[in-house]
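Taking it in order: structure first as structure tokens, then the write-up.
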Amino acid sequence: MPPLHTGADKARYLVRAVGDAVSLAEFLNIVRVDPEVDIVSEIGPKHAPHTVVLEMSSAKARALEEGFSKSHQLMIEPDRPLSLFD
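This is the structure:
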């Protein structure tokens, strides 16, 4: 299934901490000031979310994924609609 597109060449992406939520908190500090990224939702405890839903272009998602892939602490993937039958 394709990612959820929201218009203006933007789509939603899930970003999840792998193991330690500290890396996600550091990541959020970076994207909060990035005008190309909108934070749609934070999932988990209020001060220590484990997953966030972001809205951004696919190019921006690729750039973030490349920038954070070496740490192996974050997983960035397209947000897809849930379905009972695939």
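The sequence shown finishes on residue 287 if you use our numbering, and the numbering steps up by one all the way, no holes.
Note that CB positions come from ideal geometry on N, CA and C, so glycine has one too.
1) Whose CA, out of Asp210, Met276 and Ser270, lies closest to the CA of Val254?
2) In whole angstroms, what separates the C-alpha of Val241 from that of Glu256?
3) Can you give me the C-alpha to C-alpha distance between Met202 and Pro282, rounded to a whole angstrom?
4) Measuring only the C-alpha atoms, how far is Arg233 from Ala249?
5) According to DSSP, simplified to helix, strand and coil, what is Leu255?
6) Within the continuous beta strand (DSSP E) that includes Ala212, where are the two ends?
Let's see:
1) The residue you call residue 254 lines up with position 53 of the sequence shown. Closest option to Val254, Cα to Cα, is Met276.
2) As a working mapping, residue 241 is identified with position 40 in the sequence shown. As a working mapping, residue 256 is identified with position 55 in the sequence shown. Distance between the alpha carbons of Val241 and Glu256: 7 Å.
3) Sequence index remark: in the sequence shown, residue 202 carries index 1 (1-based). Sequence index remark: in the sequence shown, residue 282 carries index 81 (1-based). With a pLDDT of 44 at Met202, under the threshold of 50, the modelled position of this residue cannot be trusted; read the value that follows with caution. Cα to Cα, the separation comes out at about 7 Å.
4) For this step, residue 233 is matched to residue 32 along the sequence shown. For this step, residue 249 is matched to residue 48 along the sequence shown. Going by the C-alpha atoms only, they are around 15 Å apart.
5) The residue labelled residue 255 in the question sits at position 54 within the sequence shown. The DSSP-derived three-state label of Leu255 is strand.
6) Start at 1 with the first residue of the sequence shown, and residue 212 comes out as number 11. That run of the beta strand (DSSP E) goes Lys211 to Ala218.
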